[in-house]
Amino acid sequence: MMNTGETENICGLKREDFQTTINGKKTDLYILKNHAGNEVAITNYGGAIVAIMVPDKNGKHANVIQGHDNIKDVINSPEPYLSRLIGRFGNRIAKGTFTLHGKEYHLFINNGVNSLHGGKSGFNEKVWDALQMNDQAVVLKYVSPYGEEGYTGEVKVTVVYTFTDDNELVIDYMATTNKKTIINLTSHGFFSLAGIADPTPTVDNIILQMNADFYVPIDETSIPTGEILKVEGTPFDFRKPKPIGQDIDADNEQIKNGSGYDHCYVLNKKEVGELSFAAKLIEPVSGRTMEVYTTEPGIQLYTGNFEDGSYKGTHGATYPRRSAVCLEAEHFPDSPNRPYFPPVVLDPDHKYTQKTIYKFGVVD
27 MMNTGETENI CGLKREDFQT TINGKKTDLY ILKNHAGNEV AITNYGGAIV AIMVPDKNGK
87 HANVIQGHDN IKDVINSPEP YLSRLIGRFG NRIAKGTFTL HGKEYHLFIN NGVNSLHGGK
147 SGFNEKVWDA LQMNDQAVVL KYVSPYGEEG YTGEVKVTVV YTFTDDNELV IDYMATTNKK
207 TIINLTSHGF FSLAGIADPT PTVDNIILQM NADFYVPIDE TSIPTGEILK VEGTPFDFRK
267 PKPIGQDIDA DNEQIKNGSG YDHCYVLNKK EVGELSFAAK LIEPVSGRTM EVYTTEPGIQ
327 LYTGNFEDGS YKGTHGATYP RRSAVCLEAE HFPDSPNRPY FPPVVLDPDH KYTQKTIYKF
387 GVVD
């Protein structure tokens, strides 16, 4: 059940390379294998996904997610969110400030004038308690103490990764709190469907379809303006599949504000919280595809605009600018300061739940 040998997996990762102790908690590597012979590798440091081994149209396997091949590089990664879990609050909160039940809270400012992805040391830098249930599932747990990073309430979080025989990476999130608080969890997978390499190819030719008629425009600090705008007639229209690179450098204020795509899409939903189709990627050379399904109201599309290829990833791969697509299922940025956005407040008598599925395949 647990991966012990080094020759038994196709991702080439070694369990001992991910084993260390941080503040008395042990890190490890967990490899999920399905009956199709494909793999997902996860470490409990930040819940980082360090490999997704799936075949192309010719049956050739490659790792389609950016990561590192040892725990030291994961911890010291120049990209601290690289394919990791994000919390307590994914995306940005304006000026790191929000008001809840009449009290103003101040978070760590770590992204210009704003707070990003939970602050200075978010869930992406925590050692989660991990238990591999079987060959295809691992459970991660973390208790975020009261006041951590400026947030109120003690929050208990459980995340379950399951890799199905249909090549679906299913991520189930659950959280409870002992005091009213805000929460917005996500997984920040940096997907490279061509396969990571040195250098990893850009995403310009990857075809994207997004099930969204609207998106959330941002100001020059990447905070929502408060509007919800139609994608129609803009570079943000992916309702019909088109190459990501087609409009990524368009002469458009929103494109300039994001240095490319770094925007939240408002997913088309028949009802709140339904698990429904959100997006699809097609990599035309390999023929690999990835479909996204989620219960969340939004997806942040990020095209690796701030990667620079200067550091080594898994097995010597490098990650140049725009070599990854991130599709982060979440609530909208700065929601605590926008009462008309879908709510992000969690009460003690409620449970936070979210399900997101990344399904891998090949073109017919």
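So my numbering is basically just the index in the sequence shown, starting at one, shifted up by 26.
Cβ atoms here follow ideal geometry from the backbone N, Cα and C, with glycine treated the same way.
With 16 other Cβ atoms within 10 Å as the buried cut-off, status of residue i
i	result
K306	buried
I48	exposed
E174	buried
S103	buried
G148	buried
D82	buried
Y366	exposed
E300	exposed
E354	buried
D54	buried
F262	buried
F332	exposed
H132	exposed
T228	buried
K182	exposed
V311	exposed
N64	buried
G145	buried
E309	buried
E297	exposed
Three-way DSSP call (helix, strand, coil) for residue i in this model
i	result
F264	coil
N363	helix
D373	coil
E279	helix
H341	helix
M28	For M28, the pLDDT reaches just 45, beneath the cut-off of 50, and the residue's location in the model is therefore unreliable, although a value from the coordinates is still provided. In the structure shown, M28 sits in coil (DSSP, three-state: anything other than H, G, I, E or B).
R348	coil
Q45	coil
A120	helix
T382	strand
Q272	helix
I135	coil
V90	coil
I54	According to the sequence displayed, residue 54 carries Asp and not Ile. Looking at D54 - three-state DSSP - the assignment turns out to be coil, as it is neither helix nor strand.
G221	coil
I36	coil
V100	helix
G324	strand
E333	coil
F149	helix
G284	helix
E258	coil
G179	coil
Same chain, Cβ closer than 8 Å to residue i, neighbours up to 5 away in sequence not counted
i	result
I249	R118, A120, N140, P359, D360
T33	For T33, the pLDDT reaches just 48, beneath the cut-off of 50, and the residue's location in the model is therefore unreliable, although a value from the coordinates is still provided. Contacts found: none.
D334	P346, R347
L39	L55, I57, A67, V76, A77, D95, T340
R364	P250, G252, F358
D281	Looking at the sequence provided, one finds Ile at residue 281 rather than Asp. Only P261, D273, I274, D275, Y287 meet the Cβ criterion.
Cβ shell of residue i (< 6 Å), same chain only, five flanking positions each side left out
i	result
N210	F115, G116, E356, H357, V370
N283	I244, E246
P269	N231, I233
L142	R118, N136
Integer Cβ distance of residue i from residue j, believed to fall under 8 Å
i	j	result
T315	V242	With a Cβ gap of about 26 Å, T315 and V242 do not count as contacting.
G221	A88	3 Å
K295	S285	With a Cβ gap of about 29 Å, K295 and S285 do not count as contacting.
V292	G324	6 Å
T226	S109	The Cβ separation is near 13 Å, so there is no contact.
Y287	T329	5 Å
N137	L111	18 Å between Cβ atoms; not a contact.
F124	P362	4 Å
T207	G179	4 Å
A461	N70	Outside the displayed span of the chain (27 to 390) sits residue 461, for which this structure offers no information.
K377	T202	6 Å
V165	M159	6 Å
Q235	C290	Not confirmed; about 17 Å, so no contact.
Minimum Cβ-Cβ distance from residue i to chain C less than 8 Å
i	result
L142	In the structure shown, chain C does not exist; there is a single protein chain.
Other residues of its chain near residue i: CB distance less than 7 Å, five sequence neighbours each side excluded
i	result
T46	T53, I97
G11	With the chain covering 27 to 390 only, the question about residue 11 has no answer from this structure.
T321	G299, E300, L301, Q380, K381
G313	D82, K83, V388, V389
E130	T123
F44	T53, D54, L55, T69, N96, I97
I101	Y71
- Would you check if there are 3 or more beta carbon pairs closer than 8 Å linking the stretch 187-197 to the stretch 268-287? With the cut-off at 8 Å, the stretch 187-197 and the stretch 268-287 do not touch.
- So, do the stretch 373-388 and the stretch 205-223 have three or more beta carbon pairs nearer to each other than 8 Å? yes
- If we count Cβ pairs, one from each stretch, closer than 8 Å, do we get three or more for the stretch 168-177 versus the stretch 56-69? no
- Message: Using a Cβ distance threshold of 8 Å, determine whether the stretch 181-190 contacts the stretch 83-97, with at least three qualifying pairs required.
- Response: no
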